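In the working numbering, the protein residues as written are 2 to 321.
Beneath this line is the structure, given in structure tokens, with notes to follow.
Structural data, given as structure tokens:
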């Protein structure tokens, strides 16, 4: 059922602070701005780094302009209260964004702030991703499957089966390939048009994160407590294993010039060369509310011309 309501526009106090971290090759941030008071459930940056959608713990969903940071729209799934936004995604063309809680999804027009479509999911939502034009939404579910929604017209187009809950999903820009990660200890590559399983990657632990490059040529598979792997999809060959030490990988983004960014649950952001597996950069966001014992998660990150931008679960947008 389609629901239409106008997102509100509000002002927001921006807290700016500067910190320099030294030693061990780890770079500290240049600036940070508070975009969610006392933390965020989730957040995503647009491919060009110009927009941010964030699900705040205490004040629901919102869309932000990044530079200079400014809240543009409030995005919640009902007009009379805040929604716990647990999953977010942008279409690579930057026209649409998606927000989801455990049971509902909303597709938003980034320019107008209006919602385009609203759905109730057939099972508990575990992960979401959008195709380049925003037409297709790939959704991981607790019912041992991922589903492909027609995000513009509504309806389920494909189902991709697993032996356990699907906890991470990725779709390439042209919606030709989909990659799903599951608690059944596998990642699976799919032909979106036919629904065929092209390959199953068996792991020793549940696959907590998968990511396809926009062109669908590379895939990241990150099992819990194991080295992450980068695969050449065209040749069906493993390119490199990435040593992540004791870090738990939470987020990933393929960038230009063979760069791969990985965000961790312990403040650290890592960059690798996908040709060699060599680590080429390390950065660190702040403590959660300045609490040494409560670490912040790197929710998303992307390079812009003026630097590296990162959104953390502590509710801050960082520039490095």
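All C-beta atoms in this analysis are idealised placements derived from N, C-alpha and C, irrespective of residue type, glycine included.
Here the structure is a predicted model, which is why all the values come from computation and not from measurement.
Per the DSSP calculation, residue 228 is bridged to which residue(s)?
Its beta-bridge partners do not exist; DSSP assigns none.
Please state the DSSP three-state secondary structure of residue 32.
strand
Which ranges would you report for the beta strand (DSSP E) in the segment 158–223 if only whole runs of at least 3 residues count?
Segments of the beta strand (DSSP E) lying fully in the segment 158–223: 167–172, 178–183, 187–192, 198–203, 208–213.
Which word fits residue 269, buried or exposed, when buried means at least 16 other C-beta atoms lie within 10 angstroms of its C-beta?
Under this definition residue 269 is a buried residue.
Inter-residue Cα distance where the pair is residue 84 and residue 236
Per the coordinates, the alpha-carbon of residue 84 lies some 43 Å from the alpha-carbon of residue 236.
Work out the CA separation of residue 298 and residue 287 for me, nearest whole Å.
10 Å
Could you compute how far the alpha carbon of residue 56 sits from the alpha carbon of residue 257?
27 Å
Cβ of residue 140 within 8 Å of Cβ of residue 170?
yes
Cα-Cα separation between residue 300 and residue 251, rounded to whole angstroms
7 Å
List in chain order: all unbroken beta strand (DSSP E) runs of 3+ residues lying wholly within the segment 244–297.
250–256, 260–265, 269–274, 280–285
Along the chain, where does the beta strand (DSSP E) containing residue 303 start, and where does it finish?
299–305
If you compare alpha carbons, which of 155, 49, 260 is closest to residue 274?
260
Should residue 24 go down as buried or exposed, given a rule of 16 or more other Cβ atoms within 10 Å for buried?
Because the pLDDT at residue 24 is just 39, under 50, the model does not fix this residue reliably, and the value given afterwards should be weighed accordingly. Per the 10 Å Cβ criterion, exposed.
Going by beta carbon distance, what residues of the same chain come within less than 7 Å of residue 198, once the five residues before and after it are set aside?
189, 191
Expected contact under 8 Å - CB spacing of residue 97 and residue 125 to nearest Å
That belief does not hold up - the Cβ atoms of residue 97 and residue 125 are roughly 23 Å apart, past 8 Å.
With C-beta atoms as the reference, is residue 317 less than 8 Å away from residue 36?
In this structure, residue 36 lies closer than 8 Å to residue 317 by Cβ.
Span separating the alpha-carbon of residue 131 from that of residue 99
8 Å
Can you check which of these residues, 214, 230, 238, is closest to residue 279 by C-alpha distance?
The closest CA to that of residue 279, considering only 214, 230, 238, is found on 230.
Reducing DSSP to helix, strand and coil, say where residue 237 ends up.
coil
Since residue 133 and residue 195 should fall inside the 8 Å C-beta cutoff, what is the C-beta to C-beta distance between them, to a whole number of angstroms?
Rounded, the Cβ-Cβ distance is 20 Å, inconsistent with contact.
Tell me whether residue 88 sits in a helix, a strand or coil according to DSSP, three-state version.
strand
I want to know whether the segment 203–220 touches the segment 152–160 - three or more CB-CB distances under 8 Å.
no
Below 8 Å on the Cβ atoms is my guess for residue 181 versus residue 147; work out the distance and round it to an integer in Å.
5 Å
Going by the DSSP bridge assignment, what does residue 126 pair with across the sheet?
142
Identify every residue that forms a DSSP beta bridge with residue 312.
301, 318
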